[in-house]
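In this note's numbering, the protein residues as written are 10 to 455.
Shown next, in the form of structure tokens:
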């Protein structure tokens, strides 16, 4: 399975070079023993999720690690009376601490312990850890598995099955299985084009969150291509299916921050990670009002565009429209991909546009208001595929999208301008309208 999430000691003995003809690198028997000892000790100190690991440092006789109770971070970042600024500073410190590499120098580790008022824990090993990158990577994965991680910026997908609760249990199982197959099919299609996406997924009950474990060059763009192929495979499968075995989906793509954790399963942490944070919350609220077959792109900013030698890291953040345009320019790499036994001749994508007052075209941005009155912005994505002479259009076209929010009537505007005092009835109507707007979920063109 391409999205198996085994982060234990197993599977750490072969490097990424094993598949390109180079001799595989292996972790020595001695260091494997160290890793097993480390995992055994971490599991004991973890105590079925009671404690979590924040960071570690190498020692000549073993490791120094900082353990804290699972509730410690919440208390440390909680704001007391008149301490909002300090709370924000503490949260920023913790986010930085659990982002990226967890290894610290000895001085850095003790500085962290002093700030948190926590003493480091010593874990004795038979021999000192080597500086071999495979060993250090394995230690990092173990520390993360028994801890909590934060990722500042990562692309995440949400595939949501429309009207899922209205189907029978058998149909629901069939639809989830069909969507799962589309994920694996898209993975194989990308792999055939030389793009290996290390994707992970977690179910929402009626769909999946998908993310790329890799955070390197082009990871966000690879996940974007993955989304296009999943949507295409699902559309083709649905056209060839009978009954309700293949789902109708609505899709969201967004880039943002999130936490990653491993839940307890019995006496061990699970082998599958879960993510939760701003990016997943925004995706869920975006798709809550999305239509069947619609593909929404969040209003994000990111730093990377492109992949491989042509990768571009912008000095200033790249907006969602710029990111989509960059992905579209590189879509010729998808030409020749097989889709339902047919070859993709051409493939392109674009955000739905409208004409500005000055005659220029610009992407149509939509404002989505949830039941809490909170709002965010998104764009509508359209995909065009030429499949051996046949045209395939995915997503919603401009005729099916909502327009601008209704504006105040000219009569009411004139009354306010003239200084006329509104009647009690008009005041009650305005108040009722305001309350309705606060509670109603809406999606309108911004």
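The beta carbon of each residue, even a glycine, is placed where N, CA and C say it ideally should be.
- The residue among 179, 393, 298, 141 with its C-alpha nearest the C-alpha of residue 451 is 298.
- Residue 243 is not a Cβ neighbour of residue 232, given a cutoff of 8 Å.
- Rounded to the nearest whole angstrom, the CA to CA distance from residue 163 to residue 245 is 29 Å.
- When the alpha-carbon of residue 379 is set against those of 294, 312, 407, the nearest one is in 294.
- Within the segment 109 to 170, the runs of alpha helix (DSSP H) at least 4 residues long that lie entirely inside it are, in chain order, 115 to 125, 142 to 154.
- Rounded to the nearest whole angstrom, the CA to CA distance from residue 142 to residue 237 is 35 Å.
- In this structure residue 82 is buried. Its beta-carbon is surrounded by 16 or more other beta-carbon atoms within 10 angstroms.
- Around the beta-carbon of residue 252, fewer than 16 other beta-carbon atoms lie within 10 Å, marking it exposed.
- In the DSSP assignment, residue 46 falls within the alpha helix (DSSP H) that extends over 38 to 55.
- For residue 178, the enclosing alpha helix (DSSP H) stretches over residues 178 to 201.
- A contact between stretches requires three or more CB pairs, one per stretch, nearer than 8 Å, and the segment 203 to 219 fails this requirement with the segment 357 to 372.
- The Cβ neighbour count for residue 325, taken over all protein chains shown within 10 Å, is under 16; the residue is labelled exposed.
- Sequence-distant partners of residue 362 (beyond 5 residues in either direction) whose C-beta falls short of 7 Å from its own C-beta, in its chain, are 370, 371, 372, 373.
- In this structure, 104 is the residue among 35, 104, 434, 47 with its C-alpha nearest to the C-alpha of residue 268.
- Within a 10 Å sphere around the beta-carbon of residue 78 sit fewer than 16 other beta-carbons, which makes this residue exposed.
- Taking residue 161 as the centre and dropping the five residues before and after it, the same chain places the C-beta of 104, 108, 266 closer than 8 Å to its C-beta, in chain order.
- Here residue 120 is exposed, its C-beta having fewer than 16 other C-beta atoms within 10 Å.
- The alpha-carbon of residue 55 is positioned some 42 Å away from that of residue 257.
- In this structure, residue 455 and residue 375 form a Cβ contact; the two beta carbons are roughly 6 Å apart against a cut-off of 8 Å.
- With fewer than 16 other CB atoms across the displayed protein chains lying within 10 angstroms of its CB, residue 135 is exposed.
- In the DSSP assignment, residue 82 falls within the alpha helix (DSSP H) that extends over 81 to 86.
- Under the DSSP definition of a beta bridge, residue 387 partners with 307, 375.
- Counted as a single uninterrupted DSSP element, the alpha helix (DSSP H) harbouring residue 337 occupies residues 329 to 338.
- Residue 302 and residue 171 have their C-alpha atoms roughly 9 Å apart.
- Judged by beta-carbon spacing, residue 405 lies beyond the 8 Å limit of residue 296, meaning their Cβ atoms are not closer than that value.
- When beta bridges are read from the DSSP output, residue 216 appears opposite 169.
- When only Cα atoms are considered, residue 53 and residue 129 end up about 16 Å apart.
- Counting the other CB atoms within 10 Å of its CB gives residue 234 a total of 16 or more, which places it among the buried residues.
- Taking 8 Å as the cut-off, the beta carbon of residue 61 is found no closer than this to the beta carbon of residue 111.
- Beta-bridge annotation (DSSP): residue 245 is not paired with any residue.
- For residue 95, the enclosing alpha helix (DSSP H) covers residues 93 to 106.
- With distances taken between CA atoms, residue 229 lies nearest to 306 out of 306, 101, 115.
- Here residue 362 carries a strand assignment [DSSP, helix/strand/coil].
- Taking the Cα of residue 304 as reference, the smallest distance to any Cα among 388, 156, 334 is reached at 388.
- When DSSP states are grouped into helix, strand and coil, residue 257 belongs to the coil group.
- In this structure, residue 348 keeps its C-beta atom at 8 Å or more from the C-beta atom of residue 240.
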